[in-house]
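Undergrad: For the sequence shown, our numbering gives the first residue as 133, with consecutive numbering after it.
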Amino acid sequence: MAPLKAAFEADEHLVAGLALKGLGVALLGKEEDLAASRTALAPAKAALARANDGTAYERTLVDALALASRGAFKAAASRLEFQVAENPKDFLCLKLSNALRFMTGEPHRMRKTTAAVLRDMRASDAGYGFVLGMHAFGLEETGSFAEAESVGRLAVASERADIWGVHAVGHVLEMRGRPEEGARWIENSRQLWPACNNFNFHMAWHLALFHLEAANYDAVLDLYDREIRPTQTDDFRDMSNAVSMLWRLRQEGVDVGDRWCGLRAVAHRRRTDTTYVFASLHYLLALLGAGDVAA
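1. Do M266 and M242 have their C-beta atoms within less than 8 Å of each other?
2. In or out: C225 buried (at least 16 other Cβ within 10 Å) or exposed?
3. If you follow the alpha helix (DSSP H) that T192 is in, where does it begin and where does it stop?
4. For V298 and V288, which I take to be in contact (beta-carbon distance under 8 Å), what is that distance rounded to the nearest angstrom?
5. With burial defined as no fewer than 16 other Cβ atoms inside 10 Å of the residue's Cβ, what is the status of K137: buried or exposed?
6. So, under 8 Å CB-CB, N330 and D370 are touching, yes? Tell me the CB distance rounded to an integer number of Å.
7. Give the secondary structure of D357 by DSSP, where H, G and I count as helix, E and B as strand, and everything else as coil.
8. My guess is that L419 and A399 are in contact by the Cβ rule of under 8 Å, so how many angstroms apart are they, rounded?
9. Going by the CB atoms, is the gap between L155 and L197 shorter than 8 Å?
10. On a Cα-Cα basis, can you pick out the residue from V388, E163, F368 and T187 that is closest to L355?
11. Between which two residues does the alpha helix (DSSP H) carrying K177 extend?
12. Could you check if M133 is buried or exposed, using at least 16 other CB atoms within 10 Å of its CB as the buried criterion?
13. Taking only three categories from DSSP, how would you classify V386?
14. How close, in whole Å, do the beta carbons of F333 and M307 come, if the pair is a contact with beta carbons under 8 Å?
15. Expressed to the nearest angstrom, what Euclidean distance is found between the alpha-carbon atoms of R191 and D185?
16. Please report how far the alpha carbon of F214 lies from the alpha carbon of T274, in whole angstroms.
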């Protein structure tokens, strides 16, 4: 957020900044977040009008915000992808569309868009490694495991800071039943985690998943307490990490103690929030795991 704050200090009417702020809130995926993104739409539109309807890039971001703020994530992604087709080097619109397609469960669209961008890039181009990382994940999610691993490893070799490329290869190693190699791969990326916001919780989740496959349950519980769920946040990504890991442990017959209690409290507050079905299903599992069938 520091670069965005600095941008607003330089120009409080920065169209792209105002739109990006609203889109970032919408991607948080909770009921109040969509409401906040709708609030953010008015100043973004006003800034666009002040800029005499702005540039195509600015109009794209404001249009995407207008769509995402009312929950039309697929339409918002399509609007961003149109801009990417016009300008394949528009990495902000590419990343935003990729994030939206991730939320809507459309990896084939993620793969198609990144493939088109890569056709217009050279290995020496800025951002090449990051686009490879995005493409690797789309490949993995659509079942092209061998290509996904190759592209993901190339992404990390091209851009050492590409945690998404690391993540994509981790998915492949999980899907191909290589837990020991997967645990080493994820462990070797730890130096990147501090710069990843709450995505570090998800990387720890992947590491725990490999330990789970090896029946190292104490290691899984230790990772859960220290790195998957160190704080009781209500971010849906953090919740899905925690809930899905405890549910897997439950299926293995592992006693998880009172760990469901904190998740139940969040899920109970969120039980009527149907903004994002992926989150809603994890709230349901949290309530069931805690034995709260009445909710």
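Don't be surprised by glycine CBs; every beta carbon is placed ideally from N, CA and C.
TA: Put simply:
1. By one-based count along the sequence shown, residue 266 stands at place 134. By one-based count along the sequence shown, residue 242 stands at place 110. Yes, Cβ-Cβ distance for M266 and M242 is below 8 Å.
2. Position 93 of the sequence shown, counted from the start, is the residue given in the question as residue 225. Result: buried.
3. Within the sequence shown, residue 192 is the residue found at index 60, counting from 1. Start and end: A188 to A200.
4. Numbered from 1 along the sequence shown, position 166 holds the residue referred to as residue 298. Numbered from 1 along the sequence shown, position 156 holds the residue referred to as residue 288. Right, the Cβ-Cβ distance comes to about 6 Å (below 8 Å), so this counts as a contact.
5. The count along the sequence shown starts at 1 and reaches residue 137 at position 5. Label assigned to K137: exposed.
6. For the purposes of this step, residue 330 is identified with residue 198 of the sequence shown, where counting begins at 1. For the purposes of this step, residue 370 is identified with residue 238 of the sequence shown, where counting begins at 1. Sure, about 6 Å apart at Cβ, within 8 Å.
7. What you label residue 357 is simply residue 225 of the sequence shown in a count that begins at 1. Three-state DSSP puts D357 in a helix.
8. Numbered from 1 along the sequence shown, position 287 holds the residue referred to as residue 419. Numbered from 1 along the sequence shown, position 267 holds the residue referred to as residue 399. The Cβ separation is near 5 Å, so the contact holds.
9. By one-based count along the sequence shown, residue 197 stands at place 65. By one-based count along the sequence shown, residue 155 stands at place 23. Going by C-beta atoms, L197 is nearer than 8 Å to L155.
10. One-based indexing of the sequence shown puts residue 355 at position 223. The option with the nearest alpha carbon to L355 is V388.
11. Along the sequence shown, read from residue 1 onward, the residue named residue 177 stands at position 45. Element bounds for K177: E163 to R182.
12. Position 1 of the sequence shown, counted from the start, is the residue given in the question as residue 133. With fewer than 16 other Cβ atoms within 10 Å, it is exposed.
13. Working through the sequence shown from its first residue, we reach residue 386 at position 254. V386 falls in the coil class under three-state DSSP.
14. Counted from its first residue, the sequence shown places residue 333 at position 201. Counted from its first residue, the sequence shown places residue 307 at position 175. In fact, because the Cβ distance is near 21 Å, the residues do not count as touching under 8 Å.
15. Here residue 191 corresponds to residue number 59 of the sequence shown, with the count starting at 1. Here residue 185 corresponds to residue number 53 of the sequence shown, with the count starting at 1. So the two alpha carbons sit approximately 7 Å from each other.
16. Position 82 of the sequence shown holds residue 214. Position 142 of the sequence shown holds residue 274. Between the alpha carbons of F214 and T274 lies a gap of roughly 22 Å.
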